[in-house]
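S.K.: If you're matching positions, the sequence shown starts at -15 in my numbering and goes up one per residue.
Quick one: the structure is below, and I'll ask about it shortly.
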Amino acid sequence: DLTTGLKLGWQGDSGAGWQLNYVRLDGSKGTPPYAGTSPEVRPRYWRWPYYDKEDLYLLGALPLGDTLWLRTRLYYDRFANRIESFDNANYDTQARPYAFDSQYDDHAYGGSIEAEMAPGGAAGVTRAVVHFKNDVHREVDNTGQPWEEMEDRTWSLAVEHTRTLAATVTGSAGVGWNALDSVRADNNVGGVIAPFHLEDDSAFNATAGLRWVFTPGWGLDVNLARKTRFPTLKDRYSYRLGTALPNPGLQAEQADHVELGVAGDLAGVATRAAVFGSWLDDAIGSVSLPATACSSPPCSQLQNVGRQRRRGVELSLARTLPVVGELSLGWSYLDVDNLSQPQVRAIYTPHHKLQLASSTPLGERVRLRLGLKVEDGRLSTSNGSRTTAGFGIVDAGLDIGICRGLRLLLEGQLHGGVSMGIGN
């Protein structure tokens, strides 16, 4: 892929300013065919001759007095690609029923306006924001088939207030309203376009938090939140290239979150630890279906699986050491249980994740960057029939400063320990 970009900006004496960003990615790619032994899975010989994306953003900030700021963000994104599915590993014929040429032509536009009032002193800071986004997805399943179009509009209105409650205690609270407007969803049935069932939705959310600096350099955070996640266009209407069934009636999931965290300096090490829990209603999960349910098994469908519980721990450490330079370590543990339907197990959610990164100076203008990411195994089907073994990824790179404003990055990556098995 080739990425190009342009950034223009202006900054006034009062702090007012704007910035225009344009980024374009031109790419093509392939994907490794399945190399396992499961009779349920057919190798896919796919190529993307183009995989392109464009982003245009306009950011602005305007003071409306000594205590009031207005900030805006407007954007337009476009994404287009083409998938070519072939009969065999030679990638030279497309005669079999599962061979196809599919195209996407998507775009999204929207923006936000945020007002911030900070009178100073005990009055605290109040922010109000309005978000809008319009998503349009267009696709053609195969050569000679009609184009399908799907469109969603989402809105968000939110207000948040933060203030000092005591010398060492800061509190915050916020409320928000979110809405999903389903505009259009085409379904290609045997070459004839028939609309999917459309459903609109809305929800109120809220957050609250406290931060207590109980000793110099150390703080304790407690955060509560009620959040809603609307299913996307892909969640509701996509056949996922023959591997899934759409679910137009898929409902939003609601989650109650609680997190307790502590952060500070421990003998020169920047340390943060947190425990968290989430309880979801109408949780969205991938449910395994019989092989006859779709055209390219294994088959699945996103469904509301009822009550779900998520619990976990996070730990991060960072320090700058002689010779070694900057060193950071992160570890997390996550446990997911479907309480209403325990037989439907969560997929793609490893219990343990470990990340280690370093940045070592090799001179005035050169830095050596190393990274290690390790995860344990995960399920790839909700009935537990397919599991993925743990794996590790090692990154290495050089960051070379050529001259002011110009840098050269050289990067490489090594994967290990990846395998697919049949079993529990």
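Glycine included, every Cβ here is placed at the ideal spot set by N, Cα and C.
1. Using the C-alpha atoms, what's the distance from LYS37 back to VAL320?
2. May I ask you to verify whether the region 191 to 198 touches the region 147 to 157, counting CB pairs closer than 8 Å and requiring at least 3?
3. Ordered along the chain, which non-local residues of its own chain (more than five positions away) have a Cβ less than 6 Å from that of ASN322?
4. Along the chain, where does the beta strand (DSSP E) that runs through LEU58 open and close?
5. For my contact list, ALA247 and LYS211 are in at a C-beta cut-off of 8 Å; report their separation, rounded to the angstrom.
6. Going by C-alpha distance, which of SER222, ALA19, LYS(-9), ARG303 is nearest CYS278?
7. Just tell me which of LEU286, LEU352, ARG362 has its CA closest to the CA of LEU318.
8. From TYR59, GLY374, GLY226, pick the residue whose C-alpha is nearest to that of VAL25; which is it?
9. At 4 residues or longer, and completely inside the region 224 to 294: list those alpha helix (DSSP H) runs for me, N to C.
10. Which full runs of the beta strand (DSSP E) of 3+ residues lie inside the region 153 to 198, going along the chain?
11. Do ASN65 and TYR18 count as a contact pair if the criterion is CB distance below 8 Å?
12. Let me know the secondary structure DSSP gives LYS39 once reduced to three states.
13. Among residues of its own chain, excluding the 5 on either side of HIS241, which ones have a beta-carbon nearer than 6 Å to its beta-carbon?
14. So GLY245 packs on ALA254, CB below 8 Å; how close in whole Å?
15. Indicate whether HIS181 and GLY233 have their beta-carbon atoms separated by less than 8 Å.
16. Going by DSSP, which residues form a beta bridge with GLN87?
17. What is the rounded straight-line gap between the Cα of ALA384 and the Cα of TRP315?
18. Using 8 Å as the Cβ pair cut-off and three pairs as the minimum, do the region 58 to 77 and the region 100 to 107 touch?
19. May I ask you to report which of helix, strand or coil DSSP gives TYR6?
20. Would a C-beta distance cut-off of 8 Å place TYR88 and ASN118 closer than the cut-off?
21. What residue ranges within the region 293 to 339 form continuous beta strand (DSSP E) runs of no fewer than 3 residues, ordered along the chain?
22. For THR56, collect the residues of the same chain with a Cβ closer than 6 Å to its Cβ; drop the 5 residues on either side in sequence, then sort them by chain order.
23. Taking DSSP as the reference, what is the three-state secondary structure of ASP(-3)?
24. Helix, strand or coil for GLY203? Go by DSSP, reduced to three states.
25. Would you report the Cα separation of PRO200 and ALA251, rounded to the nearest angstrom?
26. What does the Cβ neighbour count give for LEU346, buried or exposed, with the cut at 16 atoms within 10 Å?
27. Can you grab the Cα-Cα spacing for the pair VAL114 / ALA142, in whole Å?
28. In terms of residue numbering, what span does the alpha helix (DSSP H) encompassing ARG220 cover?
29. Thinking C-beta only, is GLY376 closer than 8 Å to LEU356?
30. Helix, strand or coil: which one does DSSP assign to GLY381?
M.R.: In this structure, then:
1. Going from the Cα of VAL320 to the Cα of LYS37 covers about 34 Å.
2. With a cut-off of 8 Å, the region 147 to 157 and the region 191 to 198 count as touching, because enough Cβ pairs lie within range.
3. Around ASN322: VAL289, GLN292, VAL328.
4. 52 to 70 is the span of the beta strand (DSSP E), which, as asked, contains LEU58.
5. About 23 Å; that fails the 8 Å criterion.
6. That would be SER222, whose Cα lies nearest to the Cα of CYS278.
7. The alpha carbon of LEU318 has as its nearest neighbour, out of LEU286, LEU352, ARG362, the alpha carbon of ARG362.
8. When each option's Cα is compared against that of VAL25, the closest is GLY226.
9. Segments of the alpha helix (DSSP H) lying fully in the region 224 to 294: there are none.
10. The region 153 to 198 contains these whole beta strand (DSSP E) runs: 153 to 173, 176 to 179.
11. The Cβ-Cβ distance between TYR18 and ASN65 does not fall below 8 Å.
12. For the sequence presented, residue 39 should be read as Asp rather than Lys. When DSSP states are grouped into helix, strand and coil, ASP39 belongs to the strand group.
13. So the list reads ALA209, SER262, once near-sequence residues are dropped.
14. Not really, about 13 Å apart at Cβ, beyond 8 Å.
15. It is a contact, given that the beta carbons lie within the stated cut-off.
16. Partner(s): ARG66, VAL124.
17. The displayed chain sequence assigns Ile, not Ala, to residue 384. The straight-line gap from Cα to Cα measures roughly 29 Å.
18. Contact between the region 58 to 77 and the region 100 to 107 is absent, because fewer than three Cβ pairs lie under 8 Å.
19. Secondary structure at TYR6: strand, using DSSP grouped into helix, strand and coil.
20. The Cβ-Cβ distance between TYR88 and ASN118 does not fall below 8 Å.
21. The region 293 to 339 is shown to contain whole beta strand (DSSP E) runs of 3 or more residues at 309 to 322, in chain order.
22. Contacts found: GLY44, ILE97.
23. ASP(-3): coil per DSSP, three-state reduction.
24. Strand at GLY203.
25. Near 13 Å, if we compare the C-alpha coordinates of ALA251 and PRO200.
26. Residue burial is scored here from C-beta neighbours: LEU346 has fewer than 16 other C-beta atoms within 10 angstroms and is therefore classed as exposed.
27. Rounded to whole angstroms, VAL114 to ALA142 spans 7 Å at the Cα level.
28. ARG220 -> alpha helix (DSSP H) spans 217 to 221.
29. Yes, they are a contact pair.
30. Assigned with DSSP and collapsed to three states, GLY381 falls in strand.
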